[in-house]
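Chemist:
Number of protein chains: 2
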Amino acid sequence: MSERPDRIPEWCRGEEWCSVTATASLLGRKWKPVIVDRLLKNGACGFSELEGLINGISGKALSNNLKELEEDEIVNRSVISERPYRVEYALTDRGRDLEPLIVAMREWGSAHFGPDSKKDNP
Amino acid sequence: MSERPDRIPEWCRGEEWCSVTATASLLGRKWKPVIVDRLLKNGACGFSELEGLINGISGKALSNNLKELEEDEIVNRSVISERPYRVEYALTDRGRDLEPLIVAMREWGSAHFGPDSKKDNP
DNA sequence: CGGTATCCGGCAGGATACTG
DNA sequence: CAGTATCCTGCCGGATACCG
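Have a look at this one:
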């Protein structure tokens with residue numbers, strides 16, 4: 001498949017300052033980072049399993065986002081068994097490389113809005 | 123202002139697995155991480171200056187995103203001078219705390235789509 | 001179980017023109 | 001310079017119903 005997913009803008013080529021734009025183009029949606037987070041923590045998941053792990057997501061949104069993540073080679077989908085029908089979504093290498101990014105999101109989020117976030121002057 | 127911006131969903135409260143959702147709610151848009159990236163690299167900027175640093179953004183999008191980032195206490199806006207009219211956007215402490223996250227985005231982006239990204243087997 | 005089809009609303013964001 | 005106003009588009013995503 002393509003080295004450069006269509007989701008990354010055409011004008012965004014190589015320049016160092018473009019890398020954030022490129023990343024934001026692939027992950028900058030409501031659910032994508034959360035999906036990657038759950039796959040990092042739980043390993044490969046089935047569809048409904050993933051749905052259960054993500055509070056508030058609708059089946060359609062999950063389906064669409066998984067499809068795009070697959071196109072962008074962040075997630076890999078494989079059929080595990082035919083009867084009963086079982087599918088598994090797992091991170092690719094590229095997807096696993098997102099771990100530091102997701103960890104940074106977790107930390108920033110819980111530092112500022114989490115259970116033990118310190119107010120202005122603790 | 124509010125500890126928990128409205129943009130973070132109501133059901134997202136404290137639980138550790140919510141921190142990614144919370145962060146995605148605040149930054150998970152097309153331009154926000156890019157804006158933070160530019161402010162990190164260039165320091166405080168005026169409006170047009172920032173517009174020039176961000177390839178492809180429209181004035182309206184920049185205006186809207188800055189307003190939201192300000193509401194979420196990630197960016198601070200201050201009027202520098204009245205004649206000529208000058209404004210400056212700078213990161214708050216909370217905004218500066220995003221640096222590791224933005225750095226992770228830069229690194230993932232340039233590793234996978236950047237000028238010197240290695241193909242599958244270098 | 002693992003989705004797709006359809007309908008539908010909202011909002012993000014582009015273009016352009018205009019203001020103080 | 002630093003925006004706002006308006007118009008208009010497309011996509012995102014929720015709800016629901018249905019399929020193999």
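Protein chains in written order, with my numbering: chain A, 1 to 122; chain B, 123 to 244.
Note that beta-carbon positions come from the ideal geometry of N, C-alpha and C, so glycine has one too.
Name the chain A residues that come within less than 7 angstroms of residue 152 of chain B, Cβ to Cβ?
Modeler: Per Cβ cutoff of 7 angstroms: 24, 28.
Chemist: Which chain B residues sit within Cβ distance under 7 angstroms of residue 66 of chain A?
Modeler: What residue 66 of chain A touches in chain B: nothing, since even the nearest Cβ is about 16 angstroms away.
Chemist: Under a three-way DSSP split, which group does residue 27 of chain A fall into?
Modeler: helix
Chemist: Spell out whether any CB of chain A is found under 9 angstroms from the CB atom of residue 170 of chain B.
Modeler: no
Chemist: Are the C-beta of residue 224 of chain B and some C-beta of chain A separated by less than 9 angstroms?
Modeler: yes
Chemist: Does any CB atom of chain B fall closer than 9 angstroms to the CB of residue 15 of chain A?
Modeler: Between residue 15 of chain A and chain B, the shortest Cβ-Cβ separation is below 9 angstroms.
Chemist: Measuring only the C-alpha atoms, how far is residue 184 of chain B from residue 27 of chain A?
Modeler: 19 angstroms
Chemist: Which full runs of the alpha helix (DSSP H) of 4+ residues lie inside the segment 171 to 230 of chain B, going along the chain?
Modeler: 181 to 193, 215 to 218
Chemist: Mapping DSSP to helix, strand and coil, what is residue 12 of chain A?
Modeler: coil
Chemist: Applying the criterion that 16 or more other CB atoms from any shown protein chain within 10 Å of the CB defines a buried residue, is residue 85 of chain A buried or exposed?
Modeler: Within 10 angstroms of the beta-carbon of residue 85 of chain A lie fewer than 16 other beta-carbons, which makes it exposed.
Chemist: For the alpha helix (DSSP H) holding residue 37 of chain A, just list the boundary residues, first then last.
Modeler: 32 to 42
Chemist: Going along chain B, which residues have a C-beta under 9 angstroms from residue 106 of chain A?
Modeler: 138, 139, 141, 142, 145
Chemist: From A:108, A:42, A:6, pick the residue whose C-alpha is nearest to that of residue 221 of chain B; which is it?
Modeler: A:108
Chemist: Return the CA-CA distance between residue 119 of chain A and residue 218 of chain B, expressed in angstroms with no decimal places.
Modeler: Residue placement at residue 119 of chain A is poorly supported in this model, since its pLDDT is 49, which falls under 50; the coordinates are not used for a value here.
Chemist: Verify the CB distance criterion: does residue 134 of chain B have a CB-CB separation below 9 angstroms to chain A?
Modeler: Closer than 9 angstroms: yes.
Chemist: From the DSSP secondary-structure annotation, give me the bridge partner or partners of residue 140 of chain B.
Modeler: Per DSSP, none; premise fails for residue 140 of chain B.
Chemist: Among A:74, A:103, A:45, which one has its Cα closest to the Cα of residue 87 of chain A?
Modeler: A:45
Chemist: Within the 9 angstroms Cβ cut-off, does residue 3 of chain A reach chain B?
Modeler: yes
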